[in-house]
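To start, the structure under review is shown below, and the notes come after it.
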Amino acid sequence: MIFTSDNGGFARATGHDPLRANKGSHYEGGIRVPMIFAGAGVIGKGRVS
862 MIFTSDNGGF ARATGHDPLR ANKGSHYEGG IRVPMIFAGA GVIGKGRVS
């Protein structure tokens, strides 16, 4: 299973700390995308990469 989301949060909708800026910017707060991989043999339990 793979879960991903849209990049960046809307301005003034949520806090973006510790990231700088929000959706529509070229800073980290506007380009980071959360992603989760889950499945047998994908990555060891309790590991973060």
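Just so we're aligned: 878 in this note's numbering is position 17 of the sequence shown, and the numbers increase by one with no gaps anywhere.
Cβ atoms here follow ideal geometry from the backbone N, Cα and C, with glycine treated the same way.
A quick note: this is a predicted structure, and the numbers were derived from the prediction, not measured.
- Sorting Arg908, Lys906, Gly905, Pro895 by C-alpha distance to the C-alpha of Ile863 places Pro895 at the top.
- Our two residues, Pro879 and Gly890, have alpha carbons roughly 8 angstroms apart in a direct line.
- In this structure, the alpha-carbon of Ala901 lies about 26 angstroms from that of Arg893.
- Under the three-state reduction of DSSP, Ile863 is assigned to strand.
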